[in-house]
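Our numbering applies: residue 3 is where the sequence shown begins, and numbers increase by one.
A short worksheet on the structure shown next.
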Amino acid sequence: MKRIIFFVLAGALLASCKSKEKVVESRDMAPTDTKDSNGDWVYLFDGSSLDGWRGYNMDSLPPGWTIKDSTLTFDTELGLEQNYTGGKDLIYGAEEFDNFELYLEWKLPKGGNSGIFYHVKEGYDGIPQVSPEYQLIDDENYASIHDLTEYNTSLGYTEHPEELKPLQQTASDYAMHPADASKKTLHPVGEWNSSKIVFTPEKVEHWLNGKKVLSFVPWDDAWYEKKNSDKWKNSADYGKFKTGYIGLQDHSSPIWFKNIKIKKL
């Protein structure tokens, strides 16, 4: 009798363990909630839906943007910089944000290029005319694949115009503030990186793979001096808005994003 009771109890315990395993598997496979567990972060893209997303100055998604393997993907062939004439940029158009902390993960192919925009306003020919950009690019290989000479020369870079300049490299505030190369850890192409932007009127921070690589003050005298002396000197509305949409750039390059979430500050 004791032996029978033992086998019954053992069987019940084994069944209970299997049941718990199934519950865990089911929970792990469930779609991510739109709110993070602490209630502060809100997912703009959780791997399952593109609700709220559309093209810049559009009512629908531009061709090429899709979900593949739970990632937000721009599905295209790599185009060359010298042939680039403008992209099909994507915005999260369901809500505008002013002060925020934005986090996302991304990866690029060899020679890839993209960017993260904030305080986006519509009605312009393109997002870069109005919105600051956290640059995403293949720092290591971009200049060996694309011809940057004409573009850089037009910006006044007469010394080694074929090179990718610090203001054009990953985690920089594009054409405004360079990321600190000594603090950067950029994973190789094809591997995931994480980026974070913290925006307040007192300070803007750019983070890359868990390290702060850039900090600057928006709209102070130094900011206006930079804005009016380089690429954006003829873009009257660049960076002036204090609220706007979040945007992602199509720069004729495949790009993959996941875990896009934001916290209002």
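Virtual Cβ for every residue (Gly too), placed ideally from N, Cα, C.
Nearest C-alpha to G246 among T87, K266, W258: K266. Exclusion of the five residues before and after T68 leaves T75, D77 as the residues of its chain whose Cβ lies within less than 7 Å of its Cβ.
The C-beta separation of D42 from D252 comes to about 30 Å, leaving the pair out of contact by the 8 Å criterion. Rounded to the nearest angstrom, the gap between the Cα atoms of Y120 and G57 is 14 Å. Just so you know, the alpha carbons of S62 and A177 end up roughly 30 Å apart. A Cβ-Cβ distance of about 22 Å is found for the pair F47 and V132, leaving them out of contact under the 8 Å criterion. Nearest neighbour of P64 by Cα position, chosen from P134, A173, S174, W55, turns out to be W55.
Membership of K235 in any alpha helix (DSSP H) is not indicated, and neither H nor E is assigned to it by DSSP. The three-state reading of DSSP puts S174 in coil, since its state is none of H, G, I, E or B. The alpha-carbon of G89 is positioned some 7 Å away from that of S254.
For E135, the enclosing beta strand (DSSP E) covers residues 135–139. For the options F259, K260, G249, the alpha carbon positioned closest to that of K123 is the one of G249. Here A96 is exposed. Its C-beta has fewer than 16 other C-beta atoms within 10 Å. Taken through DSSP and simplified to helix, strand or coil, Y126 comes out as coil. Membership of E207 in the beta strand (DSSP E) is indicated by the continuous run 206–210. W234 is classed as buried because its beta carbon has at least 16 other beta carbons within 10 Å across all chains shown.
Y105 sits close to K263, with the two beta carbons spaced by under 8 Å.
Residue pairing by DSSP puts V200 in a beta bridge opposite E103, E207. In the structure shown, the three-state DSSP call for K109 is strand. A Cβ-Cβ contact shorter than 8 Å links S197 with L210.
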